[in-house]
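Here the structure is laid out as structure tokens; the discussion comes afterwards.
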Amino acid sequence: MKSSSRTAIRGAALTFTGDPFLEPSASALRYEGDAILVMENGLISTFGDAPAILPTLPDDIEIATYPDSLILPGFIDCHVHYPQTQIIGAGGEALIDWLDKYTFVAEQTFADKSHASESAEIFCTELLRNGTTTASVFCTVHEQSADALFETAQIHDMRMIAGKVLMDRNAPKTLQDTARSGYDQSKHLIEKWHGTDRLLYAITPRFAASSTPDQLELAGALWREHPGTYVQSHIAETHQEIDWVQELYPDRKGYFDVYDHFGLTGPRSIFGHGIYLTDEEWQRCHDSNTAIAHCPTSNQFLGSGLFNIEKARNAERSVPVGLATDLGAGTSFSMLQTMGAAYQVARLAGTELDATQALYMATAGAAKALCLEDKIGTLEVGTEADVAIIDLKSRPIIDYRMQFAESIEEQLFVLMTMADDRATCATYIAGNLAFERE
Ligand code: GUN
Ligand code: ZN
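Quick note on this note's numbering: the sequence shown kicks off at 1290 and runs consecutively.
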């Protein structure tokens, strides 16, 4: 982490002390109407009620004050494809045709390292403009696409998880590796980047349909050989894909069973979508502590279906779930808009989701899904000082609406429903100001 001088900020602040799916919002939330947050050497060193803390601070300390805002833990995007930034909004197709028509065409341009670096810079800058401080990122099959993302995240000092895609069938030849070359390149990237500064490596088989059993076998071996690394992939996003995976893996009992068979499930394993997981598969996610990334704007854009939040976060057998943009099938970098989409998907699925729960899945719950809850997703003292300052009045109509909000829960509901990137006042990374709105 880059060293930082001491930085202090003041304003209303909100963080989680519990899981609002398992206990009432009021006890899961810690809301400070007037808080001081001090950041030193990359970590939060003080957090609490301003009138109590002010007398303990040195007289000469400068405090940046954010009125009409909320100080939040930086947002966490649990599943996103940086090379697809250039095809957001390429529409008209469902998943498999969308991959063939737009995605695989775009991803071939990442053979060029300078193009990858340019894209990675735009991607990281956009995350910061949206108050997102950590993401779990798919690169392309090219080793240098992962180098480009890690180099860029390192310059921004971001806590970032990423990996080179593994894909040795059912894609254009120029986008395929082999089971062996994918293993070797991923191992090389792990040695180079995993644990370097704030960077973490995710072994990244794209999805079961684009990897041979040999490739998944080696991916599982690589994960076992490197404890602390991650696995990320896709699961149960569309019916067509599920049927295809069953044809390709006739001996397996279902989609989850494919990954499980090759040792790719468990803590630090996170799968995008999970719309059509069966009850038995949800149980197996719970039993193994495998996490799911809920990608509502993507599911709406591709018409993939409605994620069932009540099955996922059922208190009896709760599965770790983080929110995710899944760009470029997802349509926005904004985790506020992603929360709004999650709410609408929940309504359409006939389920309940409130704004506190949605915010949890974009912060503390996402950190938990990524096994990083001791480091990020919270404002607690001793954790990493990644912070988003969110304007409660970012547009005239939001300002007007907020005058009628009677509780913090209602304010959050309005933010989730109406706000977007324009609400990010500032983003701090490891205690340093990384983005400030004009
Ligand atoms: N399944 C396999 N690859 C992808 C991808 O790039 N995006 C989405 N949404 N689903 C996938
Ligand atoms: Zn995805």
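All C-beta atoms in this analysis are idealised placements derived from N, C-alpha and C, irrespective of residue type, glycine included.
For the ligand ZN, is there a heavy atom less than 6 Å away from the beta-carbon of Asp1615? As a working mapping, residue 1615 is identified with position 326 in the sequence shown. In this structure, the C-beta of Asp1615 approaches the ligand ZN to less than 6 Å from one of its heavy atoms.
So for Leu1416, helix, strand or coil by DSSP? Reading the sequence shown from its first residue, position 127 is the one you call residue 1416. In the three-state scheme derived from DSSP, where H, G and I count as helix and E and B as strand, Leu1416 is classed as helix.
Identify every run of the alpha helix (DSSP H) within the segment 1571 to 1641, keeping only runs that are complete inside it and at least 4 residues long; order them along the chain. The segment 1571 to 1641 contains these whole alpha helix (DSSP H) runs: 1585 to 1591, 1598 to 1601 and 1624 to 1637.
Which word fits Lys1462, buried or exposed, when buried means at least 16 other C-beta atoms lie within 10 angstroms of its C-beta? As a working mapping, residue 1462 is identified with position 173 in the sequence shown. It is exposed - the Cβ of Lys1462 has fewer than 16 other Cβ atoms within 10 Å.
So which of Met1628, Thr1392, Gly1452 and Ile1450 has the shortest CA-CA distance to Gln1646? In the sequence shown, the residue the question calls residue 1646 occupies position 357. The residue among Met1628, Thr1392, Gly1452 and Ile1450 with its C-alpha nearest the C-alpha of Gln1646 is Met1628.
Would you mind stating whether Phe1399 and Thr1374 have Cβ atoms separated by less than 7 Å? Position 110 of the sequence shown, counted from the start, is the residue given in the question as residue 1399. Position 85 of the sequence shown, counted from the start, is the residue given in the question as residue 1374. The answer is no: Cβ separation not under 7 Å.
Whose C-beta lies closer than 8 Å to the C-beta of His1483 among residues of the same chain, with five residues either side of it excluded? As a working mapping, residue 1483 is identified with position 194 in the sequence shown. The answer, listed in chain order, is Leu1489, Tyr1490, His1515, Gly1517 and Thr1518.
Validate contact between the segment 1404 to 1419 and the segment 1607 to 1623 using beta carbons, cut 8 Å, 3 pairs: Because the criterion of three Cβ pairs below 8 Å is met, the segment 1404 to 1419 and the segment 1607 to 1623 touch.
Please confirm if the segment 1714 to 1724 is in contact with the segment 1393 to 1408, defined as three or more CB-CB distances below 8 Å between the two stretches. By the Cβ rule, the segment 1714 to 1724 does not count as touching the segment 1393 to 1408, because fewer than three pairs are nearer than 8 Å.
Give the DSSP-derived three-state secondary structure of Met1328 in the structure shown. Counted from its first residue, the sequence shown places residue 1328 at position 39. Of the three classes helix, strand and coil, the one that applies to Met1328 here is strand, per DSSP.
By a C-beta neighbour count over all protein chains shown, 10 Å radius and 16 as the cutoff for buried, is Pro1585 buried or exposed? Translated into positions along the sequence shown, residue 1585 becomes position 296. Burial call: buried.
Under the criterion of a Cβ to heavy atom distance below 6 Å, does Gly1639 qualify as lining the ligand FMN? The ligand FMN is absent from the structure shown, which contains only the ligand GUN and the ligand ZN.
Is the closest heavy atom of the ligand ZN to the C-beta of Gly1561 under 6 Å? In the sequence shown, residue 1561 corresponds to position 272, counting from 1. Yes.
Give the residues whose C-beta lies closer than 6 Å to at least one heavy atom of the ligand GUN, in chain order. Counting only residues whose CB is nearer than 6 Å to a non-hydrogen atom of the ligand GUN, the list in chain order is His1370, Leu1384, Leu1388, Thr1392, Arg1495, Phe1496, His1523, Glu1526, Ser1587, Asp1615 and Ala1618.
Is the segment 1607 to 1618 touching the segment 1638 to 1654, taking contact as three or more C-beta pairs under 8 Å? The count of Cβ pairs closer than 8 Å, one atom from the segment 1607 to 1618 and one from the segment 1638 to 1654, reaches three, so the stretches are in contact.
Local conformation of Phe1693 per DSSP, three classes: Within the sequence shown, the letter at position 404 stands for residue 1693. In the displayed model, Phe1693 falls within coil according to three-state DSSP, outside both helix and strand.
Take Leu1681 as the anchor and find which of Glu1641, Asn1603, Leu1359 and Ser1558 has the nearest alpha-carbon. Taking the first residue of the sequence shown as position 1, residue 1681 is located at position 392. Considering only alpha carbons, the answer is Leu1359.
Have a look at the DSSP bridge pairing and note the partners of Glu1514. Taking the sequence shown and counting its residues from 1, the one referred to as residue 1514 is at position 225. None; Glu1514 has no bridge partner.
Beta-carbon proximity of Tyr1649 to Phe1305, cut-off 7 Å: For the purposes of this step, residue 1649 is identified with residue 360 of the sequence shown, where counting begins at 1. For the purposes of this step, residue 1305 is identified with residue 16 of the sequence shown, where counting begins at 1. Yes, the Cβ-Cβ distance between Tyr1649 and Phe1305 is below 7 Å.
Residue nearest to Phe1560 in terms of C-alpha spacing, selected from Ile1444, Ala1582 and Ile1377: Taking the sequence shown and counting its residues from 1, one reaches residue 1560 at position 271. Comparing Cα-Cα distances from Phe1560 to each of Ile1444, Ala1582 and Ile1377, the minimum goes to Ala1582.
Whole beta strand (DSSP E) runs in the segment 1371 to 1437 with 3 or more residues, listed along the chain? The segment 1371 to 1437 contains these whole beta strand (DSSP E) runs: 1421 to 1427.
What did DSSP end up calling Ala1656 once you bin it into helix, strand or coil? Indexing the sequence shown from 1 puts residue 1656 at position 367. Looking at Ala1656 - three-state DSSP - the assignment turns out to be helix.
Less than 8 Å between the CB atoms is what I'm expecting for Gln1521 and Thr1501, so what's the real figure, rounded? Indexing the sequence shown from 1 puts residue 1521 at position 232. Indexing the sequence shown from 1 puts residue 1501 at position 212. Here Gln1521 is actually not in contact with Thr1501; their C-beta atoms are around 19 Å apart, not less than 8 Å.
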